[in-house]
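Colleague: Here it is, the structure, as structure tokens.
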Amino acid sequence: MGRILEELYCGDLQPAENRNWDNPEYEEKCEASLEEVHAFCERLDQESREAFDAMMENYLELCHIEKTQAFSDGFRIGARIMWEVFGRDVSGQSAQ
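Letter 96 of the sequence shown, counting from 1, is numbered 96 in the numbering used here, and no numbers are missing.
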């Protein structure tokens with residue numbers, strides 16, 4: 001069995017966990033964003049902070065759904081490309 005299939009079967013293949021931490025631009029923007037959120041939250045009263053936290057939780061769940069869908073769509077596109085590379089059209093017929 002190929003290594004990638006083993007990783008997939010064992011639950012070790014988790015693309016969402018593979019962040020590019022060696023990207024200076026990403027690190028800079030992430031740090032700035034976290035600082036902005038913390039500074040903003042410090043100005044909120046308790047009720048506003050709870051509302052903001054709930055809003056952010058919903059937003060993060062939405063981001064997760066979007067990333068999952070984008071991954072699935074990308075995987076399907078990649079599979080269709082490979083299908084065509086090996087001489088088939090998307091209906092399963094031989095491409096000529």
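Built from N, CA and C at the ideal position, the CB exists for glycine as well. On a predicted model such as this, the values are computed, not experimentally measured, just so you know.
1. Report the three-state DSSP secondary structure of R88 (helix, strand or coil).
2. Determine whether the beta carbon atoms of K67 and A32 lie at a separation below 8 Å.
3. Given Q69, which residues of its chain have a CB within under 8 Å of its CB, disregarding the five upstream and five downstream residues?
4. By how many angstroms is the C-alpha of E6 removed from the C-alpha of L13?
Modeller: So, from the listed chains and residues:
1. Residue state, collapsed to three classes: strand.
2. no
3. The answer is none, since no qualifying residue turns up.
4. Those two C-alpha atoms are separated by around 9 Å.
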